[in-house]
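Count the sequence shown with mature numbering (1 follows the signal peptide of the UniProt record, and there is no 0) and you get residues -33 to -1, 1 to 967, in order.
All C-beta atoms, glycine included, are put in the ideal place defined by N, C-alpha and C.
In this text the structure is predicted, and so the values were computed from the model without any measurement.
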Amino acid sequence: MSINRNGVGRLHRQVRAAIAGSVLVAAAPGAMAATIMVDSGGDMSGGDGCTLRSAIMAANDNATVGGCAAGDDNNDTIVFADGVAGGTIMLAGEALPTIEGGSTLTIGAADGDGGDSDEDADGVTIDANGQSRIFTNQGQLTLNHLVLVNGMTAGGDAGADDRSGGAILNDDGGVLTVNGGAMRDNTADRAGGAIEEASGVSIDDDDDDDSLDNVRVTLNGVEFSGNDAGMNPGNGGALHVTGGGDIRIDGGAFSDNIAVEGGALWNNGGTMHVDGVAFSGNTATGPAADQGGGAIYAESNGGTLIIDDSRFVENRAGADDSNQMDGADSASSGGAILASTGTTLRVHDSSFRMNAARRAGGAIEVLAGTDTMLDNVTATGNDAGMNPGNGGVVHVTGDGDVDVNGGIFARNTAVEGGAFWNNQGDMHFDGVSIVNNEATGDGADQGGGGIFAEAEANEGEGSGMVTIRNSRIATNRATGDAGSGGALLVSPGATAEITDSRIEGNRANRAGAGIEVADGTVTMLRVTLGGVSSALGNAIDPSPNPGNGGGLHIGGAGSVTIERSSVGYNSAVEGGGLWNSGAGTLDLDNVTVSNNSADTGAGVYLDGAGGSITLDYVTVTDNAGTGVDAAEEAGGSIAIRNSLISGNDTDLGSGVAAEADDGNVTGDVALDGAYRLFGGTTPTQPLATGSAALDSNADCDDMDVDQRGADRGFDAGDSDAGDCDAGAFELTDDPVLTATAVDLDDVVIEADDEADSVAVLGVTLSNDSDDSVNVGGFSGYLERDDMLPEDVDPADLDLTVYVDGNDNGRFDAGGDMAVGSGSVADNGTTFSVTFADGAGVSIPANDSVTYLLVADDGDDDADSEAMIGLMDLGGSGTNAGVLYAGGALLGLVGLLSVGGMRRRTQLLLVVAVIALTLTACSDSDGDGVDLGQPGDNGDMNDDMDDDVMGMGQLRFVLQSLDTTDGADETDLVVGDGLPVRGATVAFEVEQSASASDDMR
């Protein structure tokens, strides 16, 4: 794994700071301290020279030993003379003397005390030659820049301590700090291939008043590789914790370590905090279902594991096929992490790539009673295995709870649950992108390309709960022969609640290309199931078997309620949009079902009279086939009220009735253009003035709203039937602005570019009415479906809106006025901008306005001056320029010249990604780079065939216009032409994800 130069420099700075802190502790005022110089590289005590062995004895005894000066008051430092520094001390078959309790000892000079400040000071290697452990510590021991190799514990019938800690045993009362250096190829028989923490503290020793009062091992920038915990039982390839001691690991790397549980780390009842660490190629070989954790195992003693800014690459639970230490039937779980019963797991700003398990949890396995949070995590290319192979990223056994906030989960694989597999607990998603994952299971009850929601058979309904908010589940696949639920499979007894999310472009072979509800319960609110083009529709493809339910399939006695949502451009053999079984329940309220296709029941289909479908204020239009259809003698189980069924190849199937007396309108009616976003966050089918669907019924009151959230009961004509329109759309007098994308060039940022920000989105709002329109702000989402460079976090951006007050088509620093501000949400997925603190800005009558939003990460300590390059925005008379703003770019892009306007007030919405440290993606290891080239964006309101972002890419999408503060919650500002997508921004990434240690 390559480490970029910036990363190495940062690591050295961290280690130097840690060493300085250690030295200050060792030489506290009032304490006597001695410095003992080791001038002999041998391992004998006594004699004329001072060996390391003799130096430790001198420190312990406060007496001269051989050629070593006496220690002083048990607070000593051992350094190495020039002739020893940089060399190897070979132990003679016996561990070094135990550092005694009550003593404080530092071994190895701090930077600036005899070492090269740019490299590891001293760099002494201590080699046990496979004959003994190296250190046993019962005092306060600090090691600076030492390399410990080939340590070996006792085996056989020896005690637990004697068989643990191949390099270091942190024994009774010991406190250990290691700054820099490495531990390689050390071996234990029981646990802790390199380090065993057995200081004897318990959880009760932690008074919770100081987060550091129970820390027993601190590791700063240490490299661990090739360490082995043994097999008796064999826990913690690099580090094992016995008891309740807390562990702090800051920086460093763990690679190619091996254990039965916890290939690198094994935590117990305390808190282990891991920050800025790389884990690669570690292996846990334990074959049982509750064994594994290729990198980290958290034991079931109520401990806490906190992980920040770390990377897990190619770790494995279960040996590979070429070295099956655990046998072909291994059930090892948690390719990177296994959190055992009752533990707490927190993972922030970290990445998991190409980890693998044999049983479940390609990246993470959590057991019953656990509490897990994943915050801004990226997980790509992880594999859950085949025995049975559940949860490509996360698998939950029992009633563990999981919260997933933000993050990207892409190209993961499992038999069930390509990315996530939930059991009896609660699994919550907020602002998450789950894209391009695969579930390979062949059974009809297998699949869930993105998410599989299971429930314990004896627990009953509600046993397993999945909640999805503000998320995108796209292009996932259930590829087994009878695989179902391309995006989501909800098993019997499980429940899913989906809100403000998009489920698009997913595939399955048997049923439910979007969602399969197999006797479970699902509710959806403001969900887009499919999209506004065939590219975004969910489809039964490529091998229909039989091929039912393009958007949704309900099996058995499943129950689904859909409100204020849209179902568009999905396709299947039967039930292109929605398919309900002869025992299931499907209720639709304020839903648009449009442009779906199927041989039978293109829009909505009921498979038997024992099931039921209710449509209330539903629009079913322009489906390629029958709009609402049913199997023979089942049509009477479909109840349709206040709905519009129009423009389908055939509106109603045999036995299906939509009576006018029930407020329904069928046949040809006047529509206003195509199915599209027209206010709100889900696509609708607008009605034209004079449409027969207007004011067709009185079955609504002042509390009713349409699919978009607009007031029902708006009187649009002279009808005596009522004031409410049929279908999901109510024609109102809410203002309409036409939104037009500004065509920005796509951008590729290479690692050696000096520019570290780009403009990505432009929009012009046109007001064709005779009245001005106030806009309170914008909102939208980020399309980001794969890893970005580590230092790129969209949630860090501060957004500011400026007006081009000089009407010169340029942003003039100091001259143009800021009119609003906003931010990207903590989930890194949604963004919003408010004008004038909610008071709004005015779009004049019969005029057009273009908006400029500038993004700033607020970092005043950037390493270099940021610059934005010139960009051609199209049109004649385009101007472009460059603005420098110290360490953080404010941004400048020329504006599109718009002719024929009475008045020219221009702003440009530009979202800039600021201060990205792109040298993290350097090609220093020779693996080559992949620029992740974006597709041709063309007309940004087209079919968007390039909708999915690749590795290193992101795009901002403007989804809705917001009203001003104080407006009624049912008031709208309609942006006709939304969503508006910006240019694709592609950051250079390495072709081999394993070679890049600074991507997340």
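Inclusion of E697 and D713 in the CB contact set at 9 Å is not warranted, their separation being larger than that value.
Inclusion of T817 and N437 in the CB contact set at 9 Å is not warranted, their separation being larger than that value. Annotated three-state conformation of R20 is helix, per DSSP. DSSP, read as helix, strand or coil, puts S501 in helix. At a cut-off of 3 residues, the continuous stretches assigned as beta strand (DSSP E) that sit fully inside the stretch 337 to 405 are 338 to 342, 345 to 347, 361 to 363, 368 to 372, 375 to 377, 387 to 389, 393 to 397 and 400 to 402. Counting every other CB atom within 10 Å of its CB across the protein chains shown gives N96 a total below 16, marking it as exposed.
For V314, the CB contacts under 6 Å within the same chain, skipping 5 residues up- and downstream, are I274, L341 and V344 in chain order. When the Cα atoms are used, L661 and V703 turn out to be separated by approximately 18 Å. When the five nearest sequence neighbours on each side are left out, the beta carbons in the same chain lying within less than 7 Å of the beta carbon of G646 are those of R675, A677, D701, L939 and V941, in order along the chain. Inside the stretch 401 to 464, DSSP marks no whole alpha helix (DSSP H) run of 4 or more residues.
The alpha-carbon of D804 is positioned some 30 Å away from that of F681. P761 sits in a helix when the DSSP states are folded into three classes. The C-beta distance from G487 to T462 rounds to 6 Å, short enough to fall under 8 Å. A straight-line Cα-Cα distance of about 22 Å links A693 and A597. In this structure S169 is exposed. Its beta-carbon is surrounded by fewer than 16 other beta-carbon atoms within 10 angstroms.
Within the same chain, and ignoring the five residues on either side of N562 in sequence, the residues whose Cβ sits closer than 7 Å to its Cβ are G535, Y536, D589, N590 and Y642. Following the DSSP letters along the chain, one finds D43 inside the beta strand (DSSP E) bounded by residues N42 to F47. Between the alpha carbons of C691 and T559 lies a distance of about 16 Å. Put simply, of I607, G602 and G634 the residue whose alpha carbon is nearest the alpha carbon of D616 is G634. Linking A306 to S548 through their CA atoms gives a straight-line distance of about 39 Å.
Here the alpha carbon of D943 sits roughly 7 Å from the alpha carbon of L644. Each of P650, A386 and Q413 was checked against the Cα of S468, and the nearest Cα belongs to P650. Look at G805 here: in three-state DSSP terms it is helix.
When C-alpha distances from A226 are compared across G592, G197 and D217, the shortest belongs to G197. Between the stretch 598 to 613 and the stretch 523 to 531 there are fewer than three C-beta pairs closer than 8 Å, too few to call the two in contact. About 6 Å separates the CB atoms of G90 and A52; that is less than 8 Å, so the two are in contact.
Relative to N153, the option among G132, T144 and G141 whose CA is nearest is G132. DSSP lists N515 and T567 as the bridge partner or partners of E541. In the three-state reduction of the DSSP assignment, G602 falls in the helix class.
Comparing alpha carbon positions, the residue from D666, G147, G259 and G352 closest to G230 is G259. Closest in C-alpha terms to E332, from the list R378, Y264 and S610, comes Y264. When rounded, the separation of the alpha-carbon atoms in C667 and V595 is 23 Å. Separation of T311 and V759 (C-alpha to C-alpha, rounded to the nearest whole angstrom) is 27 Å. By the 16-neighbour rule on beta-carbons within 10 angstroms, P459 is buried.
Secondary structure within the stretch 240 to 293: the beta strand (DSSP E) runs of 3 or more consecutive residues, fully enclosed, are 245 to 247, 263 to 265, 271 to 275 and 278 to 280 (chain order).
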